[in-house]
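Protein chains in written order, with this note's numbering: chain P, 1 to 119; chain Z, 1 to 115. A short write-up of the structure that comes next.
Here it is, written out as structure tokens:
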């Protein structure tokens with residue numbers, strides 16, 4: 001149980017276009033979802049935290065207008081990278097913290113990640 | 001405040017020898033601590049977690065970690081390394097003071113296993 005999926009697993013886009021990444025909790029309802037960014041050979045950096053039905057909380061230094069997060073339901077959150085540029089190329093990982101359907105409500109379950117390459 | 005320090009960025013061992021990945025933490029609360037493993041271009045897999053129960057925690061794939069409050073440490077060990085253990089390992093602390101349940105990650109330790 002407690003499976004989180006991400007789609008797509010990898011994407012290549014041209015500079016200036018927008019890309020949407022989906023994060024889904026498949027067998028539980030996630031009260032909170034987190035979005036992380038990981039550069040090569042570095043740790044995960046928290047970008048934002050979102051609760052279903054409310055605005056995301058962004059970490060300092062993360063542009064809200066560039067990284068749009070929508071937590072539309074208890075099983076789906078999306079991250080849209082708007083007007084992407086090569087420096088946005090990275091590995092994006094989501095996680096979900098449960099409510100209904102998991103034994104530990106505080107534990108985060110991670111998605112497999114999405115590799116974004118902007119050319 | 002919560003933070004995690006992984007003392008080694010790289011650890012190299014020979015197959016069949018013990019593994020030790022070191023982690024020290026700082027937490028304003030009784031901590032919840034985790035070790036995750038990440039293989040190249042993959043997401044994170046939970047190895048084990050400490051949540052204030054037994055101080056010696058056993059995880060998957062033969063890994064275990066011991067919570068030592070006096071040393072504020074949570075080192076990860078395995079008696080005998082396998083080639084498949086080569087990966088990046090992250091020590092993580094949960095911010096119990098946050099209603100959002102934020103995690104704080106260490107910088108990671110790259111484990112190399114030589115044949």
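Using N, Cα and C, we set each Cβ at its ideal position, and we do this for glycine too.
Within chain Z, the C-beta atoms nearer than 8 Å to that of residue 93(P) come from 43, 44, in chain order. Against chain P, the beta carbon of residue 67(Z) has no neighbour under 8 Å; the closest one sits roughly 17 Å away. Proximity of the segment 15-34 of chain Z to the segment 34-44 of chain P falls short of the contact definition, fewer than three beta-carbon pairs being nearer than 8 Å.
Beta-bridge pairing by DSSP links residue 30(P) to 98(P). Between residue 66(Z) and the set 95(Z), 75(Z), 59(Z), the nearest pair of CA atoms involves 75(Z).
Under the Cβ distance rule, residue 7(Z) does not count among the residues neighbouring chain P, no pair being separated by less than 8 Å. Comparing C-alpha distances from residue 62(P) to each of 15(P), 92(P), 7(P), 48(P) shows the shortest one belongs to 48(P). Counting the other CB atoms within 10 Å of its CB gives residue 90(Z) a total of 16 or more, which places it among the buried residues.
Comparing C-alpha distances from residue 84(Z) to each of 94(Z), 77(Z), 114(Z), 107(Z) shows the shortest one belongs to 114(Z). Contact check for residue 21(P) against residue 78(P) passes: the beta carbons are separated by less than 8 Å. A Cβ-Cβ contact shorter than 8 Å links residue 39(Z) with residue 87(Z). By the rule that beta-carbons nearer than 8 Å mark a contact, residue 58(P) does not touch chain Z. Counted as a single uninterrupted DSSP element, the beta strand (DSSP E) harbouring residue 73(P) occupies residues 67-73. Closest by C-alpha distance to residue 66(P), out of 10(P), 16(P), 94(P), is 16(P). By the criterion of a C-beta distance shorter than 8 Å, residue 98(P) is surrounded in its chain by 2, 25, 28, 29, 30, 31, 104, 105, 107, 109, once the five residues flanking it on both sides are discounted.
Distance from the CA atom of residue 89(P) to the CA atom of residue 116(P), rounded to whole angstroms, is 5 Å. According to the DSSP assignment, residue 12(Z) belongs to the beta strand (DSSP E) that extends over 10-14. Residue 101(Z) belongs to the set of residues whose beta carbon lies under 8 Å from a beta carbon in chain P.
Taking 8 Å as the threshold, the shortest C-beta distance from residue 77(P) to chain Z does not fall below it.
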